[in-house]
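For the sequence shown, my numbering assigns the number 59 to the initial residue and increments by one for each residue that follows.
Every residue, glycine too, gets a C-beta built ideally from N, C-alpha and C.
Predicted, not measured: the structure shown is a model, and the values here were computed from it.
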Amino acid sequence: MLFQKLLLACAVASLAACTVSAPTTAASTRSAPVSGQFHSDLNQFRAANGVAEIHASAMLTAIAQAHAEDMVSRNYFGHASPGGPNGATLSQRMRAGGCRPGAAAENIAQGQQTDASVFAAWRDSAGHRTNMLGNRYIRYGLGRAGNTWVTVFAAGC
């Protein structure tokens, strides 16, 4: 029940492995729902690798969502936002989103149509896997705009 409330809070807050991407249309830039399966898969993966549970954060979800939407609306794909409204780097975006500086990482992907497929792509990529299993990270946020995905991991927020 708590997880469902937390997931709902993350979804409400978010409303305000790189692959070749398909062309994006205006309709695909809108937020697409993300199921609770990603949260479950992420924590099962962490547990199987001896890493503590990680919790969804409404603030990190909003930060991830804003970056996903920015990439789609301004037609770029990258960790650095060229003159983005919320900051060019992850740490700038986190500060703009109300998070204090600290240990953080970001995974981005493009082209996957489900949270299960983006989870698998990140799990199977060494760098993304390292971020997912980071034992310093206790909170995360997942954002999606069309088939552009962003996960932000942080030690706090």
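(message) Taking the alpha carbon of G291 as the reference point, which residue from Q171, A163, T119 has its own alpha carbon closest?
(response) Outside the shown range of the chain, which is 59 to 215, sits residue 291, and nothing can be said about it.
(message) Using a Cβ-Cβ cutoff of less than 6 Å, which residues in the same chain neighbour N101 once the five nearest sequence positions on both sides are dropped?
(response) Along the sequence shown, one-based indexing puts residue 101 at 43. Once the five neighbours on either side are set aside, the close Cβ partners of N101 are E111.
(message) Alpha carbons only, please: which of G214, A212, A167 is nearest the one belonging to E127?
(response) Counted from its first residue, the sequence shown places residue 127 at position 69. Ranking the options by Cα distance to E127, first place goes to A167.
(request) Starting from R200, follow its DSSP beta bridges and name the residues at the other end. (result) In the sequence shown, the residue the question calls residue 200 occupies position 142. Checking the sequence shown, residue 200 turns out to be Leu, not Arg. The partner list for L200 (beta bridge, DSSP) reads T209.
(message) Which residue wins for smallest C-alpha separation from S164, given the options T209, S139, S175?
(response) Looking up residue 164 in the sequence shown gives position 106. The identity of residue 164 in the sequence shown is Glu, whereas the question assumes Ser. Of all alpha-carbon atoms in T209, S139, S175, the one lying nearest the alpha-carbon of E164 is that of T209.
(request) Under 8 Å Cβ to Cβ from A161, same chain only, skipping five residues before and after it: list those, please. (result) On the sequence shown, residue 161 is found 103 positions in, with the first residue counted as 1. A distance below 8 Å between beta-carbons, with the five flanking residues on each side excluded, links A161 to the following residues of its chain, in chain order: G192, R194, Y195, A212, A213.
(request) Identify whether E127 lies in helix, strand or coil by the three-state DSSP scheme. (result) Here residue 127 refers to the residue found at position 69 of the sequence shown. E127: helix per DSSP, three-state reduction.
(request) For G185, count neighbouring Cβ atoms within 10 angstroms of its own Cβ and tell me buried if that reaches 16, exposed if not. (result) Numbered from 1 along the sequence shown, position 127 holds the residue referred to as residue 185. Exposed, since its Cβ has fewer than 16 Cβ neighbours within 10 Å.
(message) Along the chain, where does the beta strand (DSSP E) containing N165 start, and where does it finish?
(response) As a first step, residue 165 is located in the sequence shown; it is residue number 107 there, counting from the start. Per DSSP, the unbroken beta strand (DSSP E) holding N165 starts and ends at 162 to 168.
(request) Could you have a look at H137 and say whether DSSP puts it in helix, strand or coil? (result) Residue mapping note: residue 137 aligns to position 79 of the sequence shown, counting from 1. Correct three-state label for H137: coil.
(message) Quick check: what's the CA-CA separation for D182 versus R158?
(response) Stepping through the sequence shown from its first residue, residue 182 is reached at position 124. Stepping through the sequence shown from its first residue, residue 158 is reached at position 100. In a straight line, the C-alpha of D182 is about 30 Å away from that of R158.
(request) Work out the CA separation of S175 and W207 for me, nearest whole Å. (result) Sequence index remark: in the sequence shown, residue 207 carries index 149 (1-based). Sequence index remark: in the sequence shown, residue 175 carries index 117 (1-based). Here the alpha carbon of W207 sits roughly 11 Å from the alpha carbon of S175.
(request) Spell out the partners DSSP gives H113 in its beta bridges. (result) By one-based count along the sequence shown, residue 113 stands at place 55. R197, per the DSSP bridge assignment.
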